Amino acid sequence: MTRFSEKSEEIKLKILKTGFKCKLCGDCCRRVSEDSNLVLVSAPEIRKIMENTGQSWSEIAEPYPDFLKQEDGTEYTFNWALKREGSRCIFLNESGRCRIYDIRPDICRTYPFMIQDGELLAFECPGIGEENNSKKDTRILAEDLICREENEDEDFRKIEENYLLFNGDCNKKNKKYVIDSEGAKIIE
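Last residue of the sequence shown: 187 (numbering that gives the first Met the number 0), numbering continuous.
Here it is in structure tokens:
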């Protein structure tokens, strides 16, 4: 058994113990409490959505709303979020289904779970505690969680590198930026 399959099996067992069955309620795509549907997306995920939908970056994503401010007036954040219309994700259709389901971001693919510091975390969701869909679905979810963790770790490393480059730039005063895995982008 490979290290990936061992980790996948361990996570699968934790998911089975927790219990989860998606109820297709769409609560994860609609605001049920303050920023409950704030979906963080990476630059590669935004590019993938752009390629498949023909939409522009600004039609898909917006800067994560928490900005850090420097003494020189420069503001920056490290994340992007899927745009929302009112209280819902822009990709949630009228019948409550995802219009980009096959290419949805990792966070959507793995909700309500995530791996942090090697531990499986479960977030509020009506499907938590329910009998699991199937062992196959649970195995796929476990594998998706591992891939998400790896993607997020890689994204973090690139953001960290770009932040160090950004901090050395003297021409950035009094502007707003998103620093992501591709570099620092000025927000107009």
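The beta carbon of each residue, even a glycine, is placed where N, CA and C say it ideally should be. From a predicted model like this one, the values you see are computed outputs, not experimental measurements.
- Exclusion of the five residues before and after K68 leaves E74 as the residues of its chain whose Cβ lies within less than 6 Å of its Cβ.
- In the three-state reduction of the DSSP assignment, E5 falls in the helix class.
- K11 sits buried, since 16 or more C-beta atoms from the chains shown fall within 10 Å of its C-beta.
- According to DSSP, Q115 shares a beta bridge with E118.
- Shown here for T17: same chain residues with a beta carbon closer than 7 Å to its own, the five before and five after excluded, namely A121 and I127 in chain order.
- Of all alpha-carbon atoms in W79, A141, K47 and C21, the one lying nearest the alpha-carbon of V40 is that of W79.
- Just so you know, the alpha carbons of I145 and E61 end up roughly 26 Å apart.
- Contact check for F66 against K175 passes: the beta carbons are separated by less than 8 Å.
- By the 16-neighbour rule on beta-carbons within 10 angstroms, L23 is exposed.
- Contact annotation: E129 and K20 have beta-carbon atoms nearer than 8 Å.
- Contact check for K172 and D71: beta-carbon distance about 5 Å, within the 8 Å limit, so the pair qualifies.
- Under the DSSP assignment, E58 falls in the alpha helix (DSSP H) whose first and last residues are W56 to I59.
- Beta-bridge pairing by DSSP links K68 to E74.
- Within the DSSP bridge table, the entry for A183 names I178 as partners.
- For L140, the uninterrupted alpha helix (DSSP H) run begins and ends at K134 to N166, by DSSP.
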